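Have a look at the structure below before the remarks.
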Amino acid sequence: MGALYSLFLVTVLLGLLCRYFIKKFSYWKNRNVPYVKPTSIFGNLYPVLALKKTIGHWLQEQYNECNSDYFGIYAFTQPMLVIKSPTMIKDIIVKDFSYFDNRTVVINQNDEIMANLLFTKSNPSWKRIRSKMTPVFSSGKLKLMFPLVLDEAQHLVDLLKQHHCSRPTEMKEIACKYTINVIAKCAFAVNARTFENEHSEFRELGRKLFDPRLENRLRFFVARFFPGLMKFFDIYLVNPKISRTLQDIVTCVLHTRKENTNAKEKDLIDILIDLKKSDKSEDKFSEIELIAAAVNFFVAGFETVASTLAFILYELCLAPDIQERLREEIISTVQGNDGNLTYDSLSDMKYLDLIILEGMRKYPVLPFIDRRCNSDYKVPGTDLTIEKGTAIYIPLFGLHYDSKYFPNPEKFDPERFRNKTDLNCDGMYYIPFGSGPRNCIGGRFALMNMKIAISKILLNFECVRVAETPVPLVYETKSLVVASKVGLPLKLVPLEKLLF
1031 MGALYSLFLV TVLLGLLCRY FIKKFSYWKN RNVPYVKPTS IFGNLYPVLA LKKTIGHWLQ
1091 EQYNECNSDY FGIYAFTQPM LVIKSPTMIK DIIVKDFSYF DNRTVVINQN DEIMANLLFT
1151 KSNPSWKRIR SKMTPVFSSG KLKLMFPLVL DEAQHLVDLL KQHHCSRPTE MKEIACKYTI
1211 NVIAKCAFAV NARTFENEHS EFRELGRKLF DPRLENRLRF FVARFFPGLM KFFDIYLVNP
1271 KISRTLQDIV TCVLHTRKEN TNAKEKDLID ILIDLKKSDK SEDKFSEIEL IAAAVNFFVA
1331 GFETVASTLA FILYELCLAP DIQERLREEI ISTVQGNDGN LTYDSLSDMK YLDLIILEGM
1391 RKYPVLPFID RRCNSDYKVP GTDLTIEKGT AIYIPLFGLH YDSKYFPNPE KFDPERFRNK
1451 TDLNCDGMYY IPFGSGPRNC IGGRFALMNM KIAISKILLN FECVRVAETP VPLVYETKSL
1511 VVASKVGLPL KLVPLEKLLF
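Have a look at this one:
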């Protein structure tokens, strides 16, 4: 009798679970929205959770298989809408931004630093901080930071000559060290010395932030798909030790600057201090918001810039003709400025612009843009109403590799961007920095950073493919950003005649 009763309870429980999942997984069907049929209790995410595919490439596969302007997917039982139509994308992130002003990730508010990052903040506080931060990345402020970046690029070249010319160089690691040095100098007024010290504090912080260890992946998925658990279990987006260390570094620098008011380093810290002093409004920067602004520079700008820079140098080693043409442009530009690379001369290198645009197309390091609908939204020209709370995903790999917009998308072809006036002329399909009010605020700093590094490297080295260079590229499925599974090794051969 006991066994029969247990069997009955199990049957009832299974029946209730089946009913629950059937109801949850009927959300898109009930709304006549095309959707990817869920295959397990994980919804559609099993290939990503099982590390069979990156989330960017999985979304690209679904993008290619769906013939409509949008389609539904499930993250566990949570319905999400993936947008393919460039017109709809423009409506969501630009025209009707007020309906989609926040990202999907939810941060534990006890995590003071991460909760105050511009990237993670929600409205209305996001808008307030964004408006105050925008002047930090003006042309005038970037020009002040240009010499700091140039010094770090020269330091990079000097060390490459000393230590890396006789063997293949893992370009992703080199790019990470260079980018950390730049951000540490510009944002924290610190010499990170990542080339001299393999275990420098900033390099270790960078590794811990973006290391694809299980702990980091779990934090990311909980913040994105189970936000309620963040508060209930007091889970932080990143390890609290990392946040505290970054906070301590910035606090120390701030106190030093406040004590020595005559020191003007022309870095982000000084710019933020001046910004706070000149702000006469009642809602001026708090101390923690100022610290978070500097930390945001590191978190948002380190891995993304380093990865893009490394991927571009990888493509140049595979295309010697493109590399040589770019080198000639850089030489011509420097010669026209008395042998100097200047802030203004960066904008003169049009072919370099095309190469970076193509690099960001082929390797969107953050492979999707996400938004959360804050109020029921009727999609223009359709019968679809996006309900409040629905997560929206824009798949960059799908868009950037769509042959309708980019013929022969697997080919690295900078010339496809020659007529930039045609780009995004009918909606939005090329958006490496996002777009609209919530686009990447540091995009211009990132471009300056990459342009200086590429210019200095090509003036001194030839990037050469070696046996270890991965062709074709295999992507790391554990990584939170787009990354090569085996790194990006290539050889830097010093030019016989040093140019500048």
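Heads up: the sequence shown at position 67 corresponds to 1097 in our numbering, and the numbers run straight through without jumps.
Yeah, the Cβ is synthetic: ideal placement off N, Cα and C, and Gly gets one too.
This structure is a prediction, so every number in the text was calculated from the model and none was measured.
- Restricting attention to T1363, Y1423, L1522, the CA atom closest to the CA of M1379 is found in T1363.
- Segment contact: the region 1123-1139 against the region 1314-1324, fewer than three CB-CB distances shorter than 8 Å; contact not assigned.
- By the CB criterion at 8 Å, Y1505 and H1193 fall outside the cutoff.
- Taken through DSSP and simplified to helix, strand or coil, Q1184 comes out as helix.
- The three-state secondary structure of K1067, taken from DSSP, is coil.
- Excluding five sequence positions before and after Q1353, the CB atoms of its chain that fall closer than 8 Å to its own CB belong to L1346, C1347, L1488, E1492, C1493, given in chain order.
- Annotated three-state conformation of C1096 is coil, per DSSP.
- If you draw a straight line from the Cα of T1107 to the Cα of E1289, it is about 54 Å long.
- Relative to T1338, the option among A1349, L1518, G1045, L1046 whose CA is nearest is L1518.
- In the structure shown, the three-state DSSP call for K1408 is strand.
- In this structure, L1429 lies away from L1190, with their beta-carbon atoms at least 8 Å apart.
- In the structure shown, the three-state DSSP call for D1400 is strand.
- If you check the CB distance, Q1277 and I1321 come in under 8 Å.
- Per DSSP, L1371 lies in no alpha helix (DSSP H) and is assigned neither H nor E.
- In this structure the region 1470-1487 does not touch the region 1415-1424; the number of beta carbon pairs closer than 8 Å is below three.
- If you draw a straight line from the Cα of I1119 to the Cα of T1041, it is about 45 Å long.
- Sequence-distant partners of H1185 (beyond 5 residues in either direction) whose C-beta falls short of 8 Å from its own C-beta, in its chain, are N1211, F1225.
- Rounded to whole angstroms, T1286 and L1305 show a C-alpha spacing of 17 Å.
- In the DSSP annotation of this structure, the continuous segment of the beta strand (DSSP E) that includes K1521 starts and ends at 1519-1524.
- Taking a 10 Å sphere around the C-beta of P1350, we find fewer than 16 other C-beta atoms and assign the residue as exposed.
- Non-local beta-carbon contacts of T1069 in its own chain, meaning distances under 7 Å to residues more than five positions away in sequence, involve Y1076 in chain order.
- The Cβ atoms of V1252 and N1490 lie no closer than 8 Å to each other.
- Going by C-alpha positions, K1059 is about 42 Å away from F1327.
- A distance below 8 Å separates the beta carbons of S1465 and V1124.
- Taking the Cα positions, Y1050 is about 13 Å away from G1073.
- Counting only runs of 3 or more residues that sit fully inside the region 1112-1199, no beta strand (DSSP E) segment turns up.
- Looking at I1272, S1485, D1400, the one whose alpha-carbon comes closest to that of P1462 is D1400.
- Pairing A1183 with A1497 gives a Cβ-Cβ distance that is not under 8 Å.
- Secondary structure at T1107: coil, using DSSP grouped into helix, strand and coil.
- Take the alpha-carbon of Y1129 and the one of I1122: they are about 8 Å apart.
- In the displayed model, E1498 falls within coil according to three-state DSSP, outside both helix and strand.
- In the structure shown, F1218 falls within a helical segment according to DSSP collapsed to helix, strand and coil.
- In this structure, DSSP gives Y1050 a helical state, which the three-state scheme calls helix.
- In the three-state DSSP reduction, T1224 falls in the coil class, being neither helix nor strand.
- Within the same chain, Cβ atoms closer than 7 Å to the Cβ of P1500 are found at S1514, V1516, the five residues on either side in sequence being excluded.
- Rounded to the nearest whole angstrom, the C-alpha separation of A1145 and Y1266 is 9 Å.
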